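Here is the structure we will look at.
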């Protein structure tokens, strides 16, 4: 029973006791009902106290969970920020690497072109040397032939002068 019911019962009992027309058994039953109402009221008050304590504990647990959730959110934000920074650094390193590879490729192309030019120059020089050597050999042969001819002429001249 709640408090309102208890008060109603007390008012009814008071009215009967004042009027004096209540039998003893009715009065006894009313007193027992009032006692039961008091006991129920005490139980209800204890339940209210227990529920208030339980509510207080639940609120504390909620506050603890909210604090842990805030901490977890802060860690998540920090971790996400670190992830973004690491990703940005990785992208920068990748771009730097690609730039270095591009520069190396450009230097390689330049070196290859220069090497091809040098190779062509060496081939030209070798060709010129071969021609020069061939011409030199031809010139030497001609000189030998001329020398032999001159020697032959000198020999003839010497023999004709004798």
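Numbering (this note's numbering), first residue to last: 7 to 168.
Yeah, the Cβ is synthetic: ideal placement off N, Cα and C, and Gly gets one too.
Given the structure is predicted, the values throughout are model-derived calculations rather than measurements.
Residue i: buried (16+ other C-beta within 10 angstroms of its C-beta) or exposed?
i, result
"residue 126", "exposed"
"residue 92", "exposed"
"residue 43", "buried"
Would you identify the three-state DSSP class for residue i, choosing helix, strand or coil?
i, result
"residue 166", "helix"
"residue 29", "coil"
Inset, instruction - Would you mind listing the beta strand (DSSP E) stretches within the region 70-137 that are 3+ residues and don't spill past its ends, in chain order? - result: The region 70-137 contains no whole beta strand (DSSP E) run of 3 or more residues.
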